[in-house]
Amino acid sequence: MKRLFSIWIFTLVGVVQIFAQPFAFDFSYVGYQQSEKEIPDADVVVFVKWKEGDQSARIQKAIDFVSARKMDKKTGLRGAVLLDKGVFELSQPLRIQTSGVVLRGTDRNQTVLYKKGVDRGAVVYLESEKQMQTLGEPMKLSAPWKLGERKVALPAGCKMGDEILIVRPSTQEWIQKLGCADFGAGKDLGYWGWHPGEIDVRWTRSVVSDGKGGLLLDAPLSMSLGQDDAECYVQRIAGNDWRLKNVGVENLTIDSEYDTTNPKDENHAWEGVYINKVKDGWVRMVNFRHLAGSAVVTQRDASRITVEDCISQAPVSEIGGYRRRTFLCMGEQCLFQRCYSEQGMHDFVAGLCAAGPNAFVQCDGYKSLGYSGAVGPWCTGLLFDNVNIDGNDIKFCNLGLEGYGIGWNTANSLAYQCTAAGIFADSIPDGSNNHVFACWAQFNGSGDFQQCNNHAKPWSRFASLLEKRLGRDVSAQCRVLERERNNVSNNPTYDVAQKMVEEARKPRITMQMWIADSAQFAASVSADKAMAVDKIKERSKKKVDLAHAGKPVFAIKEGKIMVADTLLKGARMNTPWWNGRVRYSAFPKIADAVTRFVPGMEGQGTTTRVDSVVAHLRDKHVVLFNQNYGLWYDRRRDDHERVRRRDGDVWAPFYEQPFARSGQGTAWDGLSKYDLTKLNPWYISRMKELAEKGAWNGLLVINQHYFQHNILEAGAHWVDCPWRPVNNINGTVFPEPVPFAGDKRVWMAEYFYNIDNPVMRQLHKQYIMKMLDAFADEPNVIQSIGEEYTGPYHFTKFWLQTVAEWEAKTGKHVWVALSCNKDVQDAILQDPELRKVVDIIHIEQWYYTQKGLYAPEGGKNLAPRQYQRRLRPGKVTYDDVFKSVSEYRQTYPEKAVIYSGASAPENGKAVMDAGGSCPNVKLHVKCNKSREDGKNDDN
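Numbered according to the working numbering, the sequence shown spans residues 103 to 1041.
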């Protein structure tokens, strides 16, 4: 009887309406204009009628036309570009870079932006070209600031109207307090942990009047700021025009082309809308289909953004880390409301120290493949209000090592009236907490849990807080789907039961249905008063220097590499091929790379924009960019373990391989296996873009076909390698299980270079020819056998013979550099037929030193650094470099000679004096100063 009574009480509690108060922080200061004003309806200025074919230029022309108009000072708007019904194909993304511009569809479902091509960026960018600049020195806080308070002790240098930057540094003391200095194994593996300066939180706020002669922040902060373990500070920001305002995308569908034969294809659009350096913007009533990354991503410098009534369906990607983070917030004061996501890895998440408050309100994930919450460290002040995650979790807790040491993913956050398979919430050692109120799930953690498995009133915490703050009815803008649960009991009367039967016959209203039925687009979709895009006159462009109107001419003349009849002179830069951290403090220190990929982020240290790489190389006087593929794709392998990973939760930055993933099976890293017969289209397209844009500055790109580091030394180098049998669908011939020497080291070179095996020979031949095909029309790409190559004569010969066969078959010629050990190099050059294939002799694995000739033999299964440790080459001087270069220039005067051996950077003059090419001396020719470069610099 007692047991039955307990069950009855529990069931009854589940329908009680709770009026208790949850966590008191005011999360309502989010969204466009902090949700104090409605999103404005811009007047239609330009109409883009549907046409067949690529419409990127037409739509961008319309955007640029509206961008050039005067802004209405009252509304802050310039106008809207209205797109006709129809599928608009795009080969290039669209960019709004001026305040007051809106991109609008005529019909949410019938106006479609269809992105084609292998670019992994966004379809639409809302992004300012300006950078934030600060004024004066940082001002320390004179007194602590309490969590959630706007009335704070501002430094004396602040005045009304200022925009200020508030920074809470991450100190070693605080990191130790939170237990995040390492996540296991102590100091030996401390690199996974948090480091001082990496977890700094920064807010931007305006200083406003309190109406009583005092000053306030325009919105509360999501942390308390004290002086006990961090010296917090404030800096004034120069001006308030560095971010765009009043920009938006609305009432249309964004879709991406993808390879329909590969259900895990990733060589297509990743983001729908990318928002950076925007304050007061929006994305509303937009459908998203077939994306790999995020429907909407807000970057760190995005503030007061509203994303509402949006639906994301049918994502196409691998099932793994950094994929399908559907609605991703790395900004501040962002509101995602009434959003729906299907099959997301992380449907609704904050990332990378996102400074709150940020809110997800009335958001549903269907068939979720991973948790929602925060996927970056220390994303404070996060509200989940009526968020329902189907089949997965909500996590406000310490994730430890996961995601490259996320640790505490949030603090001062609230899950209110949510459902999920599990809800994890923990209290934090610094005294802050995470809160769960009136939610339904399995519960786990040491956080503040109240009214579990109950429903609460008010139905929406956000709507209640906003209504209280504004002092008016907000039901129209919040449009809460409030379900009727009054008088529901396990012991109903007959009449009540019949009423409930009638209710049960009605389909349950899902968030997807609620968005479709309740969202009414009120802005104009009439083109009656709009200008037709095709009537807009083309804007005048900068004059092009006619002497350089065509592509620069690269040539080898009398054994020297020339461009525009001038000897190329300058530095060499090697692409990074492993390591890196997705931390703001790390990005400026990370070298440029074109095949490094950080989904959802573009800029220095992440997915660097090629225009920026070209500009940086030019500024550093680089004429040789040495490109090879990554040692391994996944940063988890930085631990040098040899184990199979339990899943595909890979960690960025990703150093891409030149081989395509197949979408089949499971490789050692948890993603699908490679197909060695297909090139990675994104890898190739990025390299081609670098070559084409860099050509105007006289840049040469060395395309290393192989990377020997994978097949020698540490066993971890090999385990994720695409050529290992467990990682491809092509049946490569290597021993499995791997016979690690000493259960640690690997020697796979003998198998790798075995061209007597017909399978390996054919795979190598196919790959080499595809690489040559890819860059056949790029005159400034130098083909080279491999980075760190110390391989045998027979494989070097095979590689050159394959190149020769390709040239005979296609009738095309590519520049070929011979870079190998001296004995192999000399043997090749002494063969008249092989010598014909070689254009450039590249001295790298041997050179003269003060001790004499340093020339280890090739094909001995030793890596360059292993040779150096054993033979200790000695100091290299001007005379040594001169001798190395001049001997080959005299013996083979028709060949260019490049020197990249020891002491190359400081001995450029020796290279030049000896008749070598690409000496590291100032300065090299700029082929076309008048050419317009791309405008999109790093963020």
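Idealized CB from N, CA, C, for every residue including glycine.
Residue closest to residue i, alpha-carbon to alpha-carbon, out of the options
{"i": "residue 372", "options": "625, 434, 226", "result": "226"}
{"i": "residue 466", "options": "458, 514, 501, 410", "result": "410"}
{"i": "residue 130", "options": "370, 523, 248, 460", "result": "460"}
{"i": "residue 672", "options": "706, 641, 723", "result": "723"}
{"i": "residue 420", "options": "940, 988, 992, 766", "result": "766"}
{"i": "residue 847", "options": "811, 859, 694, 856", "result": "811"}
{"i": "residue 151", "options": "141, 188, 169", "result": "188"}
{"i": "residue 291", "options": "507, 401, 523, 218", "result": "507"}
{"i": "residue 75", "options": "378, 951, 875", "result": "One cannot answer for residue 75 here, as it falls past the ends of the chain, which runs 103 to 1041."}
{"i": "residue 830", "options": "840, 856, 774", "result": "774"}
{"i": "residue 442", "options": "257, 614, 294", "result": "614"}
{"i": "residue 718", "options": "796, 234, 662", "result": "796"}
{"i": "residue 463", "options": "485, 1001, 240", "result": "485"}
{"i": "residue 274", "options": "246, 158, 938, 298", "result": "298"}
{"i": "residue 470", "options": "457, 491, 326", "result": "491"}
{"i": "residue 924", "options": "932, 1014, 851", "result": "932"}
{"i": "residue 251", "options": "854, 276, 320", "result": "320"}
Beta carbon of residue i nearer than 8 Å to that of residue j
{"i": "residue 428", "j": "residue 211", "result": "no"}
{"i": "residue 514", "j": "residue 249", "result": "yes"}
{"i": "residue 517", "j": "residue 554", "result": "no"}
{"i": "residue 360", "j": "residue 392", "result": "yes"}
{"i": "residue 349", "j": "residue 375", "result": "no"}
{"i": "residue 520", "j": "residue 480", "result": "no"}
{"i": "residue 238", "j": "residue 263", "result": "no"}
{"i": "residue 318", "j": "residue 200", "result": "no"}
{"i": "residue 202", "j": "residue 146", "result": "no"}
{"i": "residue 610", "j": "residue 712", "result": "no"}
{"i": "residue 412", "j": "residue 451", "result": "no"}
{"i": "residue 192", "j": "residue 217", "result": "yes"}
{"i": "residue 136", "j": "residue 158", "result": "no"}
{"i": "residue 493", "j": "residue 527", "result": "no"}
{"i": "residue 882", "j": "residue 656", "result": "yes"}
Which of helix, strand or coil DSSP assigns to residue i
{"i": "residue 381", "result": "strand"}
{"i": "residue 616", "result": "helix"}
{"i": "residue 819", "result": "helix"}
{"i": "residue 890", "result": "coil"}
{"i": "residue 715", "result": "helix"}
{"i": "residue 275", "result": "helix"}
{"i": "residue 704", "result": "strand"}
{"i": "residue 806", "result": "strand"}
{"i": "residue 812", "result": "helix"}
{"i": "residue 465", "result": "strand"}
{"i": "residue 982", "result": "helix"}
{"i": "residue 405", "result": "strand"}
{"i": "residue 167", "result": "helix"}
{"i": "residue 825", "result": "coil"}
{"i": "residue 285", "result": "coil"}
{"i": "residue 239", "result": "strand"}
{"i": "residue 542", "result": "strand"}
Supposed close pair residue i, residue j - CB separation, criterion 8 Å
{"i": "residue 190", "j": "residue 165", "result": "Between residue 165 and residue 190 the Cβ distance is about 13 Å, and since that is not below 8 Å, they are no contact."}
{"i": "residue 808", "j": "residue 888", "result": "3 Å"}
{"i": "residue 827", "j": "residue 836", "result": "6 Å"}
{"i": "residue 487", "j": "residue 563", "result": "5 Å"}
{"i": "residue 805", "j": "residue 729", "result": "6 Å"}
{"i": "residue 732", "j": "residue 422", "result": "Between residue 422 and residue 732 the Cβ distance is about 16 Å, and since that is not below 8 Å, they are no contact."}
{"i": "residue 306", "j": "residue 434", "result": "7 Å"}
Neighbourhood of residue i by C-beta distance below 7 Å, restricted to the same chain and skipping five residues each side
{"i": "residue 1054", "result": "No answer is possible for residue 1054: it lies beyond the span of the chain, which begins at 103 and ends at 1041."}
{"i": "residue 295", "result": "282, 283, 284, 285, 507"}
Close-in-space but distant-in-sequence residues of the same chain around residue i (CB under 6 Å, 5 per side omitted)
{"i": "residue 872", "result": "781"}
{"i": "residue 384", "result": "134, 141, 350, 408"}
{"i": "residue 185", "result": "150, 207, 213"}
{"i": "residue 969", "result": "958"}
{"i": "residue 980", "result": "1009, 1012"}
{"i": "residue 204", "result": "144, 182, 350"}
{"i": "residue 1022", "result": "673, 1007, 1010"}
Neighbourhood of residue i by C-beta distance below 8 Å, restricted to the same chain and skipping five residues each side
{"i": "residue 922", "result": "887, 891, 892, 893, 898, 930, 947, 960"}
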